[in-house]
Amino acid sequence: MDPSHNLASERSSIESTYELTKYLEYQLKEIKDVYLTYLGPPFNEKDFSPPRPNSTALTLPSAATRLELWHGLENQARLAQNQRAYSILLAAVRELARSTLCPSLKTSLLHFCTGLDGLLGSISALMNSLGYSSPAQAAAGELQFPQRGTGSNRPAPLMSQSLKVEGFWILRELQSWLWRSAKDFNRLKKRLRASSLTRHRYY
Amino acid sequence: VPQSSGLCGLYLLIRSLLETAGYVAIVYPQDPVLRMGSNLTASCWVHPELGVHANSLFWTLNGHQLPSSLYRVLSPTNLSVTLAGLNASRQTSGDNLVCHNHKGHILAGSCLYVGMPPEKPVNLTCWSRNTKDLTCSWAPGGKGETNISTLYKLKYKLRWYGTEKECEDYSHTQPYSCSITQDLHLFTPYEIWVEASNRLGRATSDVIILDILDVVTTDPPSGVTVSRLGQLEDQLSVRWEAPPALKDFLFKAKYQIRYRLEESQDWKVMNDVGNQTSCRLAGLRPGTVYFVQVRCNPVGIYGSRKAGIWSEWSHPTAASTPHSERLMSCDSKSSGDSNSTLRRELKQFLGWVKKHAYGCSSMSMKLYDQWRVDMQKSPKTRNQVGKHR
């Protein structure tokens, strides 16, 4: 096993995961505008910010975190946090799509979900190749929203103000996480490069 | 004046909700469905422990603050608002009626769904593409039904037997349209109708009866070419092929040709083309570019007695009649080596553009040829052209 070869493939998969988060961030910006217009004013007004609900969909930790804590995160913890966040967010966006009455918006949201699913897969693959176990993934499957898939047989839940506020916050958290993940992967790349240099010194 | 017992019951319900479910405040009614023009009185109940008095609250509807003249303080913890003559909902996710504290923070809200029960869907028309599917489209019968989410179901059954079935393939690009793609029976009439329903009511369109073979349409003819007839200045020859999907069945197909001058919007139509696949256009102007299109009607397909439905027009093909002063051939092959290298390189370039530049997908050799035809006109007519598409 050639360590430098492994490192190169890890770096390229980190790079492609990074590219994916940038792409999803861009896609999300467009969908968010359409979704907030669908919710109607005041949700699509500039500077609008309802209180963050306590619902099950938002039990994920916010992307916001103190700088020194974020900076010092070990690689495994960093990736695990990302994995847990996107597991929860993917399920939440799927529910959002299910409760959306506008067919074209529903389709866009479901399409976006396949991108999120790809990101999740990318992160899990990265964790595997770095030798980290991913317990978070098994747990996420049992989290709220046990019914996966398109769930087209269940009637769509009636829209309510609290669902609208929840939807608003899910997209906002998703935006924060995608913005943060890009920085996470950059940091990961730097840390791996530094650790490989130390490794090489001993060869 | 509300019944005191009813109001008392409501009060107890709200209080228990506030206390057990941990609500800070709640708007009642929650997510009501209402008819356009009706009135609504909503109340905002705040938890007594919030320490907020009802007269410090205010309401907004879709982000706009409602005037305090519409408010009534029913109790220290209850502020109501009365809305008269409701307009249809601004968005199908419901109008946002929100109760705020004096600082503008959101305390609670409710989604108002205001619309009308559906009326009979109208203009139901169906057509079959190459007998492979049956697509139908319709229009909502009334105004206001689409402001709240209204479900339209296209249903059909074979006339003299068969169970009622529902169309499943609703188009995402065209609203009020659905395609039946499986199990199509020819030589037997269908009964087709549309059922509309929303939370205020339902309605059914008139039933139409049709035989698939009577509503067949097809693709435009393929391989349309327009060429000169030697040196004849006033004629062009148009040739085409029967649409590929029905090529072996169009014995009695009818074709129509239309042509126009490049600068003009007036099409001349040739109707009696019969079922030939070539035609000669005469009486044309010398040295002029013409745009030509052809379309097809699958008349009498499989023995149907009715005319079918005309296809779309083929893509416009351009050609120019010869000019007596210039005996230039428009055959690019005779123009020398440099032109054929240019042409080859251009083909390669366009292939690359199609792959890499997503915005330039409409570029093609066809367009280039049309441009060359255009360049053959005398400079005077060329300068007269306004916008060239």
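Protein chains in written order, with the numbering used here: chain A, 1 to 203; chain B, 1001 to 1389.
Where a beta carbon is used, it is the ideal one built from N, C-alpha and C, also for glycine.
- A:Leu188 and A:Ala194 have their C-alpha atoms roughly 10 Å apart.
- Between the alpha carbons of B:Gly1300 and B:Glu1241 lies a gap of roughly 18 Å.
- With a threshold of 8 Å between beta carbons, A:Ser160 makes contact with chain B.
- Around A:Cys102, the beta-carbon contacts reaching into chain B at under 7 Å are Thr1092.
- When the beta-carbon positions are compared, B:Cys1296 and B:Ser1311 come within less than 8 Å of each other.
- Taking the Cα positions, A:Leu90 is about 25 Å away from A:Arg11.
- The Cβ atoms of B:Ala1196 and B:Glu1145 sit closer than 8 Å to each other.
- Beta-bridge annotation (DSSP): B:Pro1189 is paired with B:Asp1211.
- For B:Thr1060, a Cβ of chain A is located within less than 8 Å of the residue's own Cβ.
- According to the DSSP assignment, B:Trp1127 belongs to the beta strand (DSSP E) that extends over Val1122 to Arg1129.
- Judged by DSSP in its simplified three-state form, A:Trp70 adopts helix.
- Residue nearest to B:Leu1200 within the set B:Ala1088, B:Gly1274, B:Val1098 and B:Gly1308 is B:Ala1088 (criterion: CA-CA distance).
- At a cut-off of 8 Å between C-beta atoms, A:Tyr86 does not count as an interface residue with respect to chain B.
- Neighbours of B:Gly1144 across chain A, judged by C-beta separation under 9 Å, do not exist; the nearest C-beta is about 16 Å away.
- With a contact defined as Cβ atoms closer than 8 Å, A:Leu7 and A:Ser196 qualify at about 5 Å.
- The DSSP-derived three-state label of A:Asp117 is helix.
- At a cut-off of 3 residues, the continuous stretches assigned as beta strand (DSSP E) that sit fully inside the region 1249-1275 of chain B are 1254-1261 and 1268-1270.
- Residue burial annotation: A:Arg180 is buried, with at least 16 other C-beta atoms found within 10 angstroms of its C-beta.
- Per DSSP, reduced to three states, the secondary structure at B:Gly1109 is strand.
- Chain B has a Cβ within less than 8 Å of the Cβ of A:Lys164.
- Contact check for B:Thr1317 against B:Val1292 passes: the beta carbons are separated by less than 8 Å.
- At a cut-off of 8 Å between beta carbons, B:Gly1109 contacts chain A.
- With 16 or more other Cβ atoms inside 10 Å of its own Cβ, A:Glu173 counts as buried.
- Secondary structure note for A:Glu95: it is in no beta strand (DSSP E), and the uninterrupted alpha helix (DSSP H) holding it is Asn75 to Arg98.
- Separation of B:Arg1202 and B:Gly1115 (C-alpha to C-alpha, rounded to the nearest whole angstrom) is 13 Å.
- Secondary structure of A:Arg187 (DSSP, three-state): helix.
- Closer than 8 Å at the C-beta level to chain A, one finds these residues of the region 1024-1042 of chain B: Val1027, Gln1030 and Asp1031.
- When A:Asp47, A:Glu166 and A:Cys113 are compared, the shortest CA-CA separation from A:Ile31 is found for A:Cys113.
- The C-beta of B:Glu1166 has fewer than 16 other C-beta atoms within 10 Å across all chains shown, which makes the residue exposed.
- In the three-state reduction of the DSSP assignment, B:Tyr1023 falls in the coil class.
- By a beta-carbon distance limit of 8 Å, B:Thr1218 contacts B:Leu1246. Their separation comes to about 5 Å.
- Note that the C-beta distance between B:Cys1136 and B:Asp1031 is not below 8 Å.
- Under the Cβ distance rule, A:Glu10 does not count among the residues neighbouring chain B, no pair being separated by less than 8 Å.
- A Cβ of chain B is located within less than 8 Å of the beta carbon of A:Pro41.
- In the three-state reduction of the DSSP assignment, A:Leu28 falls in the helix class, which pools H, G and I.
- Here B:Leu1097 is not near B:Gly1085, since their CB atoms are 8 Å or more apart.
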